[in-house]
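Reviewing the structure listed below.
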Amino acid sequence: MINLQTQIIQRANTTSQWNDPDTPENYKNKTKFGQNLYSPDDFNYKFNDYGFRCDNFNQESDIPIVFLGCNHTEGTGLPMEHVWAYQLIKKIRNKTSKNIPYWNLAIGGASVDTLARHLYWFNEIHKPKFVFALFPGLFRREYCLKTNNPNTWGLIYGQRPEINELFIDNNFKYHQSNRSFMIIDSIIKQNNTQMHCSMWRYTSEEDDETFLRNNFLDFNFFPHTIAFRDRARDTVHHGPTYHIELANLFWDRICHHF
Amino acid sequence: MDELNIFIKNRMNKSFPWSHMLGIVDANYVDNYESNKHNYNSHDFGYKFNDYGFRCDNFNQESDISIVFLGCSITEGYGLPVETVWAHQLLSKIRQKTNKNIPYWNLAIAGCGIDTQARHLYLFNKILKPKFVFALFPRFERREYCFQGTDQKTWGGTYNNFAKVDHVFIDDQFKYYQTARSFMIIDSILKQNNTQMYCSKWKFFENTEEELFIQENFPNFNFFPNDNIPLDDARDGKHPGPLYQTATANLFWDKINHLF
Numbered sequence: 005m006i007n008l009q010t011q012i013i014q015r016a017n018t019t020s021q022w023n024d025p026d027t028p029e030n031y032k033n034k035t036k037f038g039q040n041l042y043s044p045d046d047f048n049y050k051f052n053d054y055g056f057r058c059d060n061f062n063q064e065s066d067i068p069i070v071f072l073g074c075n076h077t078e079g080t081g082l083p084m085e086h087v088w089a090y091q092l093i094k095k096i097r098n099k100t101s102k103n104i105p106y107w108n109l110a111i112g113g114a115s116v117d118t119l120a121r122h123l124y125w126f127n128e129i130h131k132p133k134f135v136f137a138l139f140p141g142l143f144r145r146e147y148c149l150k151t152n153n154p155n156t157w158g159l160i161y162g163q164r165p166e167i168n169e170l171f172i173d174n175n176f177k178y179h180q181s182n183r184s185f186m187i188i189d190s191i192i193k194q195n196n197t198q199m200h201c202s203m204w205r206y207t208s209e210e211d212d213e214t215f216l217r218n219n220f221l222d223f224n225f226f227p228h229t230i231a232f233r234d235r236a237r238d239t240v241h242h243g244p245t246y247h248i249e250l251a252n253l254f255w256d257r258i259c260h261h262f
Numbered sequence: 156m157d158e159l160n161i162f163i164k165n166r167m168n169k170s171f172p173w174s175h176m177l178g179i180v181d182a183n184y185v186d187n188y189e190s191n192k193h194n195y196n197s198h199d200f201g202y203k204f205n206d207y208g209f210r211c212d213n214f215n216q217e218s219d220i221s222i223v224f225l226g227c228s229i230t231e232g233y234g235l236p237v238e239t240v241w242a243h244q245l246l247s248k249i250r251q252k253t254n255k256n257i258p259y260w261n262l263a264i265a266g267c268g269i270d271t272q273a274r275h276l277y278l279f280n281k282i283l284k285p286k287f288v289f290a291l292f293p294r295f296e297r298r299e300y301c302f303q304g305t306d307q308k309t310w311g312g313t314y315n316n317f318a319k320v321d322h323v324f325i326d327d328q329f330k331y332y333q334t335a336r337s338f339m340i341i342d343s344i345l346k347q348n349n350t351q352m353y354c355s356k357w358k359f360f361e362n363t364e365e366e367l368f369i370q371e372n373f374p375n376f377n378f379f380p381n382d383n384i385p386l387d388d389a390r391d392g393k394h395p396g397p398l399y400q401t402a403t404a405n406l407f408w409d410k411i412n413h414l415f
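Chains as they are written, first to last, in the working numbering: chain A, 5 to 262; chain B, 156 to 415.
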């Protein structure tokens, strides 16, 4: 049987100083942005009962809000408070004065397949009224092969010779992504959920954006491009400036709901 | 990627006397008819498809109780008059009991897997908004995919194989994972409309593991095994005949008649 619920249960209720690729080795890397903005002891990663970097899911919420994403949204290399999702929920809390736990289903390296699965499995608990997502590029794939634990395939990691030709094919990519978006779309319609989303853009995600925008209108997709101005502690991911700007972009689009 | 594949598009609003004309090789063509024992004459029935290419009523009709059927060739009724198909027989029982106006909406497509059924349910949910879904699922190994082209193809395990994907699609864990994704789509749609679903799975090959998978992971599907069903031949000599269809309709009716 497939281990459908989550593969991160082993880190449930733990706290760690590092979280790959936020490693002591990467921390020492030099970037063109000068000295690392953080020191090793500035923050750590605390995971909830299910292994997500956010509040526990058994809390009451006046306005259930769920965030979806990958490393950026989980906040690899950043204190949780600096992540765009956390900043956005702070703005919502400030405006509404409501009790709203921070429920973030983002996982480092996740694909849209993983995000759809997580949203599906926790939907019964969260019943979100709002979903805000920062999708990764659609080439990332979750799959099971010769094991019942889902793996992630990406263009620059997780490659396997026996699946590469199939997974790299653009048509396969869009068909599989479509399946994930059908799950998400059906869930948001279940709860009359308002969704707003964007997608990180490094190289060739314009077609992915068009696919999303043309086929899933209820996702309220908006494009964004924010230049690298600084780096996170891992020297790989965006630093705090990107997150502030992204939170503001989301806020401009959603503040009228609150 | 197109919403409906070429196979379905080619038969929208058309009628055919034999199913081999629809593009499925080795099913219900004249040679099979000649060489097999059968219950039907060659001109007893044909295949008439609706505006979207499905062998059922059009989707623009009003329905007092919206009911959708899912399945593969058995539910589409290969080798059989549409009236003898289990789905049609079940609908007749429901109509009789309720005296309601209920069109026959059957999204089954021959040869298709659960992936295609999930996608079709998603696509037509907007129009049909089913209150009931009744499904007779095929084996899990059938896969819908796109590769080196935008048209959705079906990989069948025993047909439509393709060397570049065989080694992946044949893997048991790949199969369960992809099937689970399709079931997540179906399950989420059911919950959208508070739809009641009942389903079974054809059982020509013993596969209790697949049945358990549905029962354990998707309890809302109200799965029940399709055991002890007589097996006779349809006109094509490849699919089950009218006895099998009637027994399947009766099995479903026993499970669902309290709902009407």
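A virtual CB, placed ideally from N, CA and C, is assigned to each residue, including glycine.
Please confirm whether any heavy atom of the ligand GTP lies closer than 7 Å to the CB of residue i.
i              : result
R164 (chain A) : Of ligands this structure carries none, so the ligand GTP is not represented either.
Please confirm whether residue i and residue j have their CB atoms less than 8 Å apart.
i              : j              : result
S181 (chain A) : V116 (chain A) : yes
F407 (chain B) : F289 (chain B) : yes
L41 (chain A)  : W255 (chain A) : no
F295 (chain B) : T334 (chain B) : yes
F134 (chain A) : Q63 (chain A)  : no
S197 (chain B) : P258 (chain B) : no
I340 (chain B) : R183 (chain A) : yes
N194 (chain B) : G396 (chain B) : yes
F61 (chain A)  : I129 (chain A) : yes
H179 (chain A) : Y300 (chain B) : yes
N48 (chain A)  : V240 (chain A) : no
G208 (chain B) : R250 (chain B) : no
C74 (chain A)  : A110 (chain A) : yes
Y353 (chain B) : K410 (chain B) : yes
F204 (chain B) : P236 (chain B) : no
W88 (chain A)  : L250 (chain A) : yes
I161 (chain B) : D306 (chain B) : yes
F136 (chain A) : W107 (chain A) : no
Using only alpha-carbon positions, find the residue among the options that is nearest to residue i.
i              : options                           : result
N202 (chain A) : A:W125, A:L92, A:D211 and A:F223  : Position check: residue 202 (chain A) holds Ser in this sequence, whereas Asn was assumed. Ranking the options by Cα distance to S202 (chain A), first place goes to A:F223.
L142 (chain A) : A:L92, A:I172, A:T197 and A:K95   : A:I172
H200 (chain A) : A:I104, A:R15, A:L138 and A:T100  : A:L138
R232 (chain A) : A:Q14, A:Y246 and A:F225          : Note that residue 232 (chain A) is Phe in the sequence shown here, rather than Arg. The option with the nearest alpha carbon to F232 (chain A) is A:Y246.
R210 (chain B) : B:K346, B:N194, B:T363 and B:S170 : B:S170
L386 (chain B) : B:Q370, B:D326 and B:W357         : B:W357
Y90 (chain A)  : A:L119, A:R57, A:Q63 and A:G38    : A:R57
S228 (chain B) : B:N377, B:K284, B:L291 and B:I264 : B:I264
F373 (chain B) : B:S218, B:D382, B:L246 and B:I344 : B:I344
N153 (chain A) : A:I160, A:D46 and A:T118          : A:T118
F37 (chain A)  : A:I258, A:F262 and A:A236         : A:A236
P83 (chain A)  : A:D45, A:A114 and A:K99           : A:D45
K284 (chain B) : B:D212, B:G201, B:N362 and B:S221 : B:S221
F360 (chain B) : B:D306, B:N381 and B:K346         : B:N381
L291 (chain B) : B:N160, B:F302, B:S355 and B:G304 : B:S355
G304 (chain B) : A:P132, A:N175 and A:N252         : A:N175
What is the DSSP secondary structure of residue i, reduced to helix, strand or coil?
i              : result
C211 (chain B) : coil
E210 (chain A) : helix
W241 (chain B) : helix
S218 (chain B) : coil
D391 (chain B) : coil
I4 (chain A)   : The structure shown does not extend to residue 4 (chain A), since chain A is modelled only from 5 through 262, so no value can be given for it.
C201 (chain A) : strand
D270 (chain B) : helix
M352 (chain B) : strand
V235 (chain A) : Val is not the amino acid found at residue 235 (chain A); the sequence shown has Arg there. Strand.
H242 (chain A) : strand
S181 (chain A) : helix
Considering only residues of the same chain and omitting the five flanking positions on each side of residue i, which have a CB-CB separation below 6 Å?
i              : result
S65 (chain A)  : I104 and P105
V180 (chain B) : Below a pLDDT of 50, predicted positions are generally treated as unreliable, and V180 (chain B), at 42, falls in that range; no measurement from the model is reported.
T214 (chain A) : none
Tell me which same chain residues have a C-beta within less than 8 Å of the C-beta of residue i, skipping the five on either side of it?
i              : result
K193 (chain A) : D222
N127 (chain A) : I191, Q194 and N195
E209 (chain A) : G141, L142 and M203
F338 (chain B) : I269, A273, I369, N372, F373 and F376
G312 (chain B) : R294, E296, R297, F324 and I325
T253 (chain B) : D219, I220 and F415
W206 (chain B) : Per the sequence shown, the amino acid found at residue 206 (chain B) is Asp instead of Trp. Within the same chain, D206 (chain B) has close Cβ partners M167, N168, N213, F214 and N215.
Which chain D residues are close to residue i, counting only those with a beta carbon under 9 Å from its beta carbon?
i              : result
D326 (chain B) : The question asks about chain D, but that chain is absent: this structure's protein chains are A and B.
Once you ignore the five residues that flank residue i on each side, which residues in its own chain have a CB closer than 7 Å to its CB?
i              : result
L245 (chain B) : F289, A404, F407 and W408
I248 (chain A) : Q91
T18 (chain A)  : F51
T80 (chain A)  : N23, P25, D26, G112, A236, D238 and H241
Requested in this report: Spell out a yes or no on whether the stretch 381-401 of chain B and the stretch 236-246 of chain B are touching, meaning 3 or more CB-CB pairs, one atom from each, closer than 8 Å.
Outcome: yes
Report task. Flag this pair as touching only if the stretch 141-157 of chain A and the stretch 318-338 of chain B have three or more C-beta atom pairs under 8 Å; answer yes or no. Result -> yes
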